[in-house]
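Taken in order, these protein sequences are the chains called A and B.
My numbering numbers the first residue of the first sequence as 3 and each following residue consecutively.
My numbering numbers the first residue of the second sequence as 3 and each following residue consecutively.
2 protein chains.
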Amino acid sequence: MSFSTKGEYGVRLMVQLGRRYGSGPSSLAEIATDEDLPRPYLEQLVMSLRDAGLVISTRGSHGGYELSRSPEEIPMIAVLRALEGPIAPMICASDESELAHEPTCDRTARCTVNFLWIRIRDAISTTLEGMSLADLVPERLAAPASEPIIIKRRVEAVPDPALV
Amino acid sequence: MSFSTKGEYGVRLMVQLGRRYGSGPSSLAEIATDEDLPRPYLEQLVMSLRDAGLVISTRGSHGGYELSRSPEEIPMIAVLRALEGPIAPMICASDESELAHEPTCDRTARCTVNFLWIRIRDAISTTLEGMSLADLVPERLAAPASEPIIIKRRVEAVPDPALV
DNA sequence: TCGAATTCCGACCGAATCTGTCGGGATTAC
DNA sequence: GTAATCCCGACAGATTCGGTCGGAATTCGA
Chain A
3 MSFSTKGEYG VRLMVQLGRR YGSGPSSLAE IATDEDLPRP YLEQLVMSLR DAGLVISTRG
63 SHGGYELSRS PEEIPMIAVL RALEGPIAPM ICASDESELA HEPTCDRTAR CTVNFLWIRI
123 RDAISTTLEG MSLADLVPER LAAPASEPII IKRRVEAVPD PALV
Chain B
3 MSFSTKGEYG VRLMVQLGRR YGSGPSSLAE IATDEDLPRP YLEQLVMSLR DAGLVISTRG
63 SHGGYELSRS PEEIPMIAVL RALEGPIAPM ICASDESELA HEPTCDRTAR CTVNFLWIRI
123 RDAISTTLEG MSLADLVPER LAAPASEPII IKRRVEAVPD PALV
């Protein structure tokens, strides 16, 4: 039961972009160096983030990636869905694409158990919906000598249309 | 982000044992047939459950497995930990064995991100701690009359009807 | 116009994990 | 003794993980 490094690296990438938000595009090489991650691998990950509309890319010299909107407006559930796919602790409990998943639930204890996976899925989803990228980006204004982690303004109601 | 079939099959196995609780040991062959699962594979899974003290085994003819205690007394978090290992959405956020896991958190955004995994882990853990095997076992009232049913006291059965 | 920087994209690849299978040994009821 | 059953280690095909590689396309600045 775990996320892959795809999720971890991707989130770290997003945090770096959050710190640079408003400074124009940042190159992957720069971020790869900062986070000590393989740049070619980040290239793959950032594709998913771009396709999900979370980052926008600028090609050519002095190009790079930047957040498509402010960190406060990016719920972490959108980030992890882009990186890891739908939140589904088990095939029968996906939060997306409810297409033709009935025939897999025919046996006795199977549907009973499904209740468990749905509860887990909802727990994860709710947690992720309540967090935005801003909750993970260190204060850009305050000095680095402040408290470790501060939950800044929480996005209320998470009115994200592009949530899918 | 998902559990493996190990988790699914193991939980289904436990539900079957829950339905049979009080009837003495049940053979794996019987359960494998009921759930339509490969018996040799279940053999592997049940080892973990036995080692975790959740089921007890009886060897020899007419042997089998049975719950070590009533379904009400078996929290689902114990079941999934036995089957899938510690609840850890990321290496840095395991709920067990906090041994020497500091050196992995040295870089800038890494520890910041760790906050996210801990939140997810806690959400899963809390959910699982609030559920017992009894919540997944269908009512045993309509059991076949041939079975010598032993009505055991059902503990307040974790009043948690609402939710979801 | 040229070249450097950068994204874009598909192909490839070794290692690990997943999802089992197989064969036999140990133990017990009858 | 025999049948049923658990116990346990080894093996193995398929898939996923965690990248690497090479080059094409695009853009900026000189």
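Heads up, the beta-carbon is just placed ideally off N, CA and C, and yes, glycines get one too.
All figures in this text were calculated on a predicted structure; none of them were measured in a lab.
Check whether residue i and residue j have beta carbons under 8 Å apart
i: A:LEU44; j: A:ILE33; result: yes
i: A:GLY12; j: A:LEU51; result: yes
i: A:ALA136; j: A:GLU74; result: yes
i: B:PHE5; j: A:MET3; result: yes
i: B:ILE93; j: A:THR129; result: no
i: B:PRO91; j: B:ASP97; result: no
Beta-bridge partners of residue i, as assigned by DSSP
i: B:THR60; result: B:GLY66
i: A:SER127; result: DSSP lists no partner for A:SER127.
i: A:SER171; result: Nothing about residue 171 of chain A can be read from this structure; chain A reaches only from 3 to 166.
i: B:GLU77; result: Note on residue identity: the sequence assigns Pro, not Glu, to residue 77 of chain B. B:PRO77 pairs with B:SER134.
i: A:ILE4; result: Contrary to the premise, residue 4 of chain A reads as Ser rather than Ile in this sequence. B:SER4.
Between the CA atoms of residue j and residue i - distance to the nearest angstrom
i: B:SER63; j: B:PRO27; result: 11 Å
i: B:MET16; j: B:GLN46; result: 14 Å
i: A:SER127; j: A:ARG41; result: 30 Å
i: B:ALA102; j: B:GLY24; result: Note that B:ALA102 scores 39 on pLDDT, short of 50, meaning its location in the model is unreliable and no value can be drawn from it.
i: B:PRO140; j: B:ARG21; result: 7 Å
i: A:ALA84; j: A:THR7; result: 14 Å
i: A:THR60; j: B:GLU86; result: 42 Å
i: A:THR35; j: A:ARG14; result: 12 Å
i: A:PHE117; j: A:LEU39; result: 39 Å
i: B:ASP53; j: A:ASP53; result: 45 Å
Cβ distance (whole Å) where residue i is taken to contact residue j below 8 Å
i: B:GLU77; j: B:GLU131; result: A small correction: the amino acid at residue 77 of chain B is Pro; Glu does not occupy that position in the sequence shown. Confirmed, Cβ separation roughly 6 Å.
i: B:LEU30; j: A:VAL115; result: About 18 Å separates the two Cβ atoms, so there is no contact after all.
i: A:LEU95; j: B:ALA125; result: Looking at the sequence provided, one finds Ala at residue 95 of chain A rather than Leu. In fact, because the Cβ distance is near 15 Å, the residues do not count as touching under 8 Å.
Candidates the options: closest to residue i by CA position
i: B:LEU19; options: B:PRO40, B:LEU85 and B:GLY66; result: B:GLY66
i: B:LEU82; options: A:TRP119, A:ILE93 and A:ARG22; result: A:TRP119
i: A:SER134; options: A:THR35, A:THR7 and A:ILE79; result: A:ILE79
i: A:SER72; options: A:PRO88, A:GLU86, A:ALA84 and A:GLY55; result: A:GLY55
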